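A short write-up of the structure that comes next.
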Amino acid sequence: MKKFVTMLLALVMVLSLAACGGSDGLTVEKGKLHMSTNAEFPPYEMVTNDGGFEGIDVEVAGLIAEKMGLELVVDDMGFDAALLAVQNGQSDIAMAGITVNEERLAVMDFTDSYATGVQVVIVKEGSEVTMDNLGDYTIGTQLGTTGYIYASDTPENGGYGEDHVIGYETGAVAVQALVSGQVDAVIIDNLPAQSYVEANAAAGLTILEGTWVEENYAIGVKKGNEELLNAVNGALNELKADGTFQGIVDKYITAD
Ligand code: ARG
55 MKKFVTMLLA LVMVLSLAAC GGSDGLTVEK GKLHMSTNAE FPPYEMVTND
105 GGFEGIDVEV AGLIAEKMGL ELVVDDMGFD AALLAVQNGQ SDIAMAGITV
155 NEERLAVMDF TDSYATGVQV VIVKEGSEVT MDNLGDYTIG TQLGTTGYIY
205 ASDTPENGGY GEDHVIGYET GAVAVQALVS GQVDAVIIDN LPAQSYVEAN
255 AAAGLTILEG TWVEENYAIG VKKGNEELLN AVNGALNELK ADGTFQGIVD
305 KYITAD
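Every position in the sequence shown, counted from 1, becomes a number in our numbering once 54 is added.
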């Protein structure tokens with residue numbers, strides 16, 4: 055009997071420890087902050103030569119995790135999958151240069167915005183494609199992104215119709231399709247666009263003058279998990295307030 059009481063006491067202690075373990079009980083894995091992303095989106099997230107991850111989102115998420123007393127784990131997957139992972143409770147945060155829009159707000163919650171982006175058009179130098187005749191050509195985009203959503207929308211809504219758009223698994227593959235002539239243009243966020251144009255200098259790519267509306271990037275969390283949202287948002291805002299966030303941005307975005 056005595057042994058039983060001791061065991062019971064130990065169990066109660068373990069349970070109560072778990073219950074008040076700070077940010078611990080909040081996340082899908084104890085002591086960890088899982089970030090789902092699609093690490094093909096420079097300078098926000100990319101894979102390093104040794105198979106690690108880097109980029110603005112990755113570094114900021116690492117510091118958010120640190121402030122929460124957690125260790126960051128980056129889960130790299132398709133962009134659509136990264137959004138679904140938070141909704142399904144498989145990751146704690148989705149951070150992937152994610153544009154906040156109404157469809158996404160309906161299925162997940164977002165922190166305050168931490169960056170802006172705009173969709174731009176990449177073409178081959180000397181190409182006949184312009185902002186005005188884009189609809190006469192074939193456009194490559196990354197599946198599930200706002201670039202895909204705008205471009206594949208009906209002409210009445212400012213799009214070009216699904217027949218004119220090919221959705222690729224990643225932005226990098228869409229750009230390769232442009233280089234090899236499978237598509238005539240790529241619509242993608244401005245900073246990755248610049249990075250891909252530079253990375254493919256030999257192919258002679260250029261970004262057309264003109265952009266779509268400005269979008270806001272934010273961190274996605276599972277809908278209704280207010281405690282986690284507040285903890286992540288609080289940490290993010292601290293990083294913004296003390297200049298740490300800007301320091302990271304400056305490191306990755308060198309003005310030219
Ligand atoms: N901002 C765009 C969107 O939310 C594209 C994001 C793509 N991100 C990525 N990591 N591949 O749809």
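Cβ coordinates follow ideal geometry from the N, Cα and C atoms, glycine included. It should be emphasised that the depicted structure is a prediction, and the values quoted were computed from it without experimental measurement.
- [ ] Spatial neighbours of A119 within its chain, please: CB distance less than 7 Å, with the 5 preceding and 5 following residues excluded, ordered by chain position.
- [x] L87, E125, L126
Open item on the list: I'd like to know whether the C-beta atoms of T91 and V114 end up nearer to each other than 8 Å.
Closed with: Annotated as distal: T91 and V114, with beta-carbon spacing of 8 Å or more.
- [ ] In the DSSP assignment, find the beta strand (DSSP E) that holds E125 and state where it starts and stops.
- [x] 125-130
Open item on the list: Here's the rule I'm using: 16 or more other beta-carbon atoms within 10 Å means buried, otherwise exposed. How should I110 be labelled?
Closed with: buried
- [ ] For T153, verify whether its CB is less than 7 Å away from any heavy atom of the ligand ARG.
- [x] Yes.
- [ ] Check whether the Cβ of A150 lies closer than 7 Å to any heavy atom of the ligand ARG, and answer yes or no.
- [x] Under cutoff, so the answer is yes.
TODO: Give the DSSP bridge partners of F164, in chain order.
DONE: Partner(s): G274.
Open item on the list: Measuring straight from C-alpha to C-alpha, what distance separates G194 and L290?
Closed with: 33 Å
Open item on the list: Just verifying my parser: in three-state terms, what is the DSSP assignment at A93?
Closed with: Correct three-state label for A93: coil.
Task: Boundaries of the beta strand (DSSP E) in which E99 is found, first to last residue - done: 99-101
Open item on the list: Going by DSSP, what residue range makes up the alpha helix (DSSP H) through E282?
Closed with: Sequence check: residue 282 is Leu here, not Glu. Its alpha helix (DSSP H) spans residues 280-295.
- [ ] Look up Y250 in the DSSP assignment and say whether it is helix, strand or coil.
- [x] Looking at Y250 - three-state DSSP - the assignment turns out to be helix.
Task: Whole-Å CB distance - N254 paired with V233, under 8 Å assumed - done: Indeed they touch by this definition, with Cβ atoms about 6 Å apart.
Task: 7 Å CB neighbourhood of N155 in its chain, flanking five on each side removed - done: T200
TODO: Enumerate in chain order the residues of its own chain whose CB-to-CB distance from S249 is below 7 Å, with the five nearest sequence positions on each side excluded.
DONE: Excluding sequence neighbours, S249 sits near P96, P97.
- [ ] Classify L245 as buried or exposed, calling it buried when 16 or more other Cβ atoms lie within 10 Å of its own Cβ.
- [x] Burial state of L245 is buried, judged by a 10 Å Cβ sphere holding 16 or more other Cβ atoms.
Task: the region 273-287 in contact with the region 127-145 per 3-pair CB rule at 8 Å - done: yes
Open item on the list: Based on DSSP bridge pairs, tell me the residues matched to H218.
Closed with: BP columns for H218 are empty, so no partner.
Open item on the list: Going by DSSP in three states, K84 sits in which element: helix, strand or coil?
Closed with: coil
Open item on the list: Quick test of the definition: if touching needs 3 or more C-beta pairs under 8 Å, does the region 177-192 touch the region 162-169?
Closed with: no
- [ ] Name the two residues that bound the continuous alpha helix (DSSP H) containing Q300.
- [x] Q300 -> alpha helix (DSSP H) spans 298-306.
Task: Collapsed DSSP secondary structure at L232 in the structure displayed - done: helix
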